[in-house]
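Asker: In order, the protein sequences belong to chains L and C. In terms of my numbering, the first sequence opens at residue 189 and continues consecutively. In terms of my numbering, the second sequence opens at residue 208 and continues consecutively. Mind having a look at this structure? Questions to follow.
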Amino acid sequence: MGDFNYNRVDLARRRRGFTKGALAKAVGISPRNLNAYEKDQQEPTPQTVSHFASALGFPREFFFGPDLDEPTPEGASFRALSRLTARQRDQALGSGALALALGDWIDEHFNLPAPDVPQHPGLDPEMAADAVRSAWGLGEKRIPNMVHLLEAHGVRVFSLSEDSTTVDAFSFWRGRIPYVFLNTKKTAEHSRMDAAHELGHLVLHGHGGPRGRQAEHEAQAFGAAFLMPAGSVRAEAPRAARMPQLIKAKGRWNVSVANLAVRMHRLGLLSDWQYRSIFIELNRRGRANEPTAPGKDPLPQERSQILEKVFRALRGENVSKASVAQTLHIPLQDLNDSVFGLVLTPIIGTDNPQPVPGHSRPELRVV
Amino acid sequence: MTQPAPFQFDPSVASQLAMMGLEADDFRDAVLDANAEALECTPNDVISRAGFVRWSSPLRRLGDIYVPKGHTRERPKGFELLVSPDRTFALTVAPGDHATGTDRMPSTRIDRGPLTGQAVTGNRHQLGFGEIDTDFARAMEATMKIWLLLVYYDELNEEIRLELSLPVEFTRTPKGQRGFVTAFEPRLVLPAISLVETADVSNDDEDEDGQIDVPVARR
Chain L
189 MGDFNYNRVD LARRRRGFTK GALAKAVGIS PRNLNAYEKD QQEPTPQTVS HFASALGFPR
249 EFFFGPDLDE PTPEGASFRA LSRLTARQRD QALGSGALAL ALGDWIDEHF NLPAPDVPQH
309 PGLDPEMAAD AVRSAWGLGE KRIPNMVHLL EAHGVRVFSL SEDSTTVDAF SFWRGRIPYV
369 FLNTKKTAEH SRMDAAHELG HLVLHGHGGP RGRQAEHEAQ AFGAAFLMPA GSVRAEAPRA
429 ARMPQLIKAK GRWNVSVANL AVRMHRLGLL SDWQYRSIFI ELNRRGRANE PTAPGKDPLP
489 QERSQILEKV FRALRGENVS KASVAQTLHI PLQDLNDSVF GLVLTPIIGT DNPQPVPGHS
549 RPELRVV
Chain C
208 MTQPAPFQFD PSVASQLAMM GLEADDFRDA VLDANAEALE CTPNDVISRA GFVRWSSPLR
268 RLGDIYVPKG HTRERPKGFE LLVSPDRTFA LTVAPGDHAT GTDRMPSTRI DRGPLTGQAV
328 TGNRHQLGFG EIDTDFARAM EATMKIWLLL VYYDELNEEI RLELSLPVEF TRTPKGQRGF
388 VTAFEPRLVL PAISLVETAD VSNDDEDEDG QIDVPVARR
């Protein structure tokens with residue numbers, strides 16, 4: 189175990205949404221003490237570290253060792269900036285930091301697709317979406333699974349299990365690897381658009397590109413064009429459509445009625461009056477209730493194929509998800525939050541999971 | 208029916224192509240680009256456009272690559288050809304049948320016009336069989352062989368197979384001058400192009416087809 193590291197306490201604090209004052213109170217120390225730990229003027233006693241652990245719900249081992257790499261507010265793209273509080277943002281970024289630790293561990297033990305995301309900073313979003321579709325050989329075809337498509341092109345995709353509906357998704361480049369985090373509490377259609385939106389940020393606003401309202405509009409335009417290419421919408425969207433026709437047609441692109449209506453209106457396929465009527469109807473139904481065509485099941489939530497394959501392979505080696513969490517000193521619930529809540533059959537004998545041998549470089553058996 | 212076995216890429220093919228001033232990768236790129244272009248077709252396109260693009264675009268792409276190197280794009284009597292700088296050979300693109308790129312003798316998938324038949328006659332003459340008996344064959348010069356780049360889109364196996372082969376037999380249909388090229392010698396079989404590797408999501412439908420397989424392997 190390394191030295192006590194206050195930055196890890198602070199990361200756990202932000203992840204749990206505690207203010208510094210609230211944390212000090214929960215641990216039973218004064219804010220001055222906390223400040224002294226932060227400034228490295230004082231080392232907490234073993235008992236205080238245990239109190240940090242129980243107050244924050246992290247194993248005490250988590251608070252020792254080098255800094256964890258964290259996505260920064262400046263480097264990550266968030267939607268709904270005006271409605272997002274700093275606390276919500278920090279909780280989401282804290283979740284991102286834990287997922288990065290897991291991602292690094294996976295990269296160390298598995299060969300994953302190399303990043304292949306084109307960069308088109310400054311390009312018109314519609315043209316950029318066409319360029320990426322062309323580079324990836326998609327033509328005008330439907331994208332059956334956005335998460336799998338991103339993963340096939342080297343994007344690492346993790347889930348956010350934020351209770352807040354304000355955090356949809358965020359993305360960033362870390363070196364040469366692009367990351368996308370998706371809130372799984374949304375509808376599947378919403379998440380698909382979020383994934384396409386975040387791809388827009390990676391393509392248009394890559395490394396340290398512009399942020400803010402304009403960038404969000406561009407990413408949204410990219411996402412719409414990427415999921416619903418103009419040619420296929422012009423060819424296949426219904427004419428003079430009302431709500432029932434849109435509900436039926438949206439399955440062609442697996443998008444929400446709202447997204448399809450916006451796209452069709454932008455392409456001149458819905459009049460202002462039709463567009464307004466559809467949104468009045470959608471608001472009446474409640475935007476969280478995505479309508480489905482009669483006889484069709486709701487679209488299932490997309491999940492990571494990489495994470496599923498990784499944990500399946502590990503299970504074959506008698507390494508459970510809990511063991512990985514223990515190796516990384518991350519609470520199992522936080523790991524679950526990052527991996528789309530993947531549920532794998534527990535392996536007999538792993539009720540008391542053993543940490544994978546060797547903390548920094550676990551050695552797993554290859555079967 | 209037994210499945211024809213795919214050819215293993217013969218390294219000598221690369222050297223034969225090199226002697227002709229050609230590279231296997233150029234053919235791969237040309238066919239992949241054409242496939243990507245065909246995927247952009249929507250129901251608003253005429254139904255035959257995707258097939259036409261797959262046949263016609265590789266020749267355009269090959270022209271883009273080889274004309275700057277001294278090849279010429281020529282159309283004697285409307286026969287679309289890419290002619291080598293020394294005019295010893297020319298090539299064009301044709302859809303092949305299921306045997307394309309396998310150990311079976313392929314055939315052109317659709318019947319071809321009389322100019323192809325005359326080109327085969329010219330090829331046979333240069334190989335020592337028969338005489339040049341048409342104006343067209345004479346026009347194409349007695350020393351120019353005409354090769355076909357056969358391309359087959361195998362949707363079942365999710366791959367594109369291709370070969371650059373010299374047509375030597377033209378079997379006429381019962382009616383008229385049209386016919387199929389039914390024998391080739393030699394055949395330069397190029398590596399098949401996997402559409403799975405390119406994470407393609409082509410064959411879309413209402414069902415959950417076109418799934419993407421993300422490769423994950425243990426280190």
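The beta carbon of each residue, even a glycine, is placed where N, CA and C say it ideally should be. Since the structure is predicted, the reported quantities are computational estimates derived from the model, not experimental observations.
Tell me, to the nearest whole angstrom, how far the beta carbon of residue 146 of chain L is from that of residue 431 of chain L; I am working on the premise that it is less than 8 Å.
Answerer: Past the boundaries of the shown model lies residue 146 of chain L; chain L is included only from 189 to 555, so the question cannot be answered.
Asker: When the Cα of residue 394 of chain L is compared with those of L:204, L:251, L:307, L:273, which residue comes out closest?
Answerer: Counted from its first residue, the first sequence places residue 394 of chain L at position 206. Residue 394 of chain L has its Cα closest to that of L:307, out of L:204, L:251, L:307, L:273.
Asker: Using the Cβ count rule (16 or more neighbours within 10 Å means buried), how would you classify residue 381 of chain L?
Answerer: As a working note, residue 381 of chain L is residue 193 in the first sequence. Buried.
Asker: How about residue 258 of chain L and residue 199 of chain L: do their beta carbons lie closer than 8 Å?
Answerer: As a working mapping, residue 258 of chain L is identified with position 70 in the first sequence. As a working mapping, residue 199 of chain L is identified with position 11 in the first sequence. In this structure, residue 199 of chain L lies closer than 8 Å to residue 258 of chain L by Cβ.
Asker: Under 7 Å between beta-carbons, which chain L residues line up against residue 427 of chain C? List them in chain order, please.
Answerer: Residue 427 of chain C lies beyond the residue range present for chain C, which begins at 208 and ends at 426; the question has no answer from this structure.
Asker: For the region 441–457 of chain L, which residues have a beta carbon sitting closer than 9 Å to at least one beta carbon of chain C?
Answerer: Of all residues in the region 441–457 of chain L, none has a Cβ within less than 9 Å of some Cβ in chain C.
Asker: Which same chain residues, not among the five before or five after residue 481 of chain L, have their C-beta less than 7 Å away from its C-beta?
Answerer: On the first sequence, residue 481 of chain L is found 293 positions in, with the first residue counted as 1. Around residue 481 of chain L: 435, 436, 439.
Asker: Which residues of chain L have a Cβ atom closer than 8 Å to the Cβ of residue 418 of chain C, listed in chain order?
Answerer: As a first step, residue 418 of chain C must be located in the second sequence, where it is residue number 211. Chain L residues near residue 418 of chain C: 332, 333, 336.
Asker: Taking the Cβ atom as the reference point for each residue, do residue 429 of chain L and residue 358 of chain L lie within a distance shorter than 8 Å?
Answerer: Counted from its first residue, the first sequence places residue 429 of chain L at position 241. Counted from its first residue, the first sequence places residue 358 of chain L at position 170. Their beta carbons are not under 8 Å apart, which means residue 429 of chain L does not touch residue 358 of chain L by this criterion.
Asker: In its own chain, which residues sit with a C-beta less than 6 Å from the C-beta of residue 315 of chain C, not counting the 5 before and 5 after it?
Answerer: Here residue 315 of chain C is taken as the residue at index 108 of the second sequence, counted from 1. Excluding sequence neighbours, residue 315 of chain C sits near 301, 387, 388.
Asker: Buried or exposed: where does residue 293 of chain L fall if 16 or more other Cβ atoms within 10 Å of its Cβ makes it buried?
Answerer: As a working mapping, residue 293 of chain L is identified with position 105 in the first sequence. Residue 293 of chain L should be labelled buried.
Asker: Rounded to whole angstroms, what's the CA-CA distance from residue 446 of chain L to residue 473 of chain L? Just pull it up for me.
Answerer: Position 258 of the first sequence, counted from the start, is the residue given in the question as residue 446 of chain L. Position 285 of the first sequence, counted from the start, is the residue given in the question as residue 473 of chain L. Each residue's alpha carbon lies about 12 Å from the other.
Asker: Just checking, does the region 359–370 of chain L make contact with the region 411–421 of chain L on the three C-beta pairs under 8 Å criterion?
Answerer: Cβ pair count under 8 Å is below three, so no.
Asker: Can you pull the chain L residues whose beta carbon is under 7 Å from the beta carbon of residue 399 of chain C, in chain order?
Answerer: For the purposes of this step, residue 399 of chain C is taken as the residue at position 192 of the second sequence. Near residue 399 of chain C there are no residues of chain L at all, since even the closest Cβ is about 16 Å away, more than 7 Å.
Asker: Pick helix, strand or coil for residue 314 of chain C, following the three-state DSSP scheme.
Answerer: As a position in the second sequence, residue 314 of chain C is number 107, starting the count at 1. Three-state result, residue 314 of chain C: coil.
Asker: Show which residues of chain L have a CB atom less than 7 Å away from the CB atom of residue 241 of chain C.
Answerer: Looking up residue 241 of chain C in the second sequence gives position 34. Those do not exist, as residue 241 of chain C stays about 11 Å from chain L at its closest Cβ, beyond 7 Å.
Asker: Write down every uninterrupted run of the alpha helix (DSSP H) in the region 326–403 of chain C whose length is 4 residues or greater and which is fully enclosed by it, in chain order.
Answerer: You should have 342–346.
Asker: Using a cut-off of 8 Å between C-beta atoms, extract the partners of residue 419 of chain L located in chain C.
Answerer: Locating residue 419 of chain L in the first sequence gives position 231, where the first residue counts as 1. The contacting residues are 247, 249, 251.
Asker: Would you say residue 308 of chain L lies against chain C (beta-carbon separation less than 8 Å)?
Answerer: In the first sequence, counting from the first residue as 1, residue 308 of chain L sits at position 120. Not an interface residue.
Asker: Would you grab the beta carbon distance between residue 316 of chain L and residue 391 of chain L for me? Rounded to a whole angstrom, and I think it's under 8 Å.
Answerer: Taking the first residue of the first sequence as 1, we reach residue 316 of chain L at position 128. Taking the first residue of the first sequence as 1, we reach residue 391 of chain L at position 203. That pair is a contact at about 5 Å.
Asker: Are the region 272–288 of chain L and the region 332–341 of chain L in contact at 8 Å, needing three or more beta carbon pairs?
Answerer: Taking 8 Å as the limit for Cβ pairs, the verdict is that the region 332–341 of chain L does not touch the region 272–288 of chain L.
Asker: So the candidates are C:249, C:419, C:244; which of them puts its Cα closest to the Cα of residue 332 of chain L?
Answerer: One-based indexing of the first sequence puts residue 332 of chain L at position 144. Nearest C-alpha to residue 332 of chain L: C:419.
Asker: Do residue 322 of chain C and residue 366 of chain C have their CB atoms nearer than 8 Å?
Answerer: For the purposes of this step, residue 322 of chain C is taken as residue 115 along the second sequence, with counting starting at 1. For the purposes of this step, residue 366 of chain C is taken as residue 159 along the second sequence, with counting starting at 1. No.
Asker: Run through chain C and tell me which residues come within less than 9 Å of residue 514 of chain L, C-beta to C-beta.
Answerer: The residue given as residue 514 of chain L occupies position 326 in the first sequence. Neighbours of residue 514 of chain L on chain C: none; closest Cβ ~20 Å, over 9 Å.
Asker: Starting from residue 319 of chain C, trace the beta strand (DSSP E) both ways and give me its first and last residue.
Answerer: Numbered from 1 along the second sequence, position 112 holds the residue referred to as residue 319 of chain C. Taken as a continuous stretch (DSSP letters only), residue 319 of chain C belongs to no beta strand (DSSP E), as it is neither H nor E.
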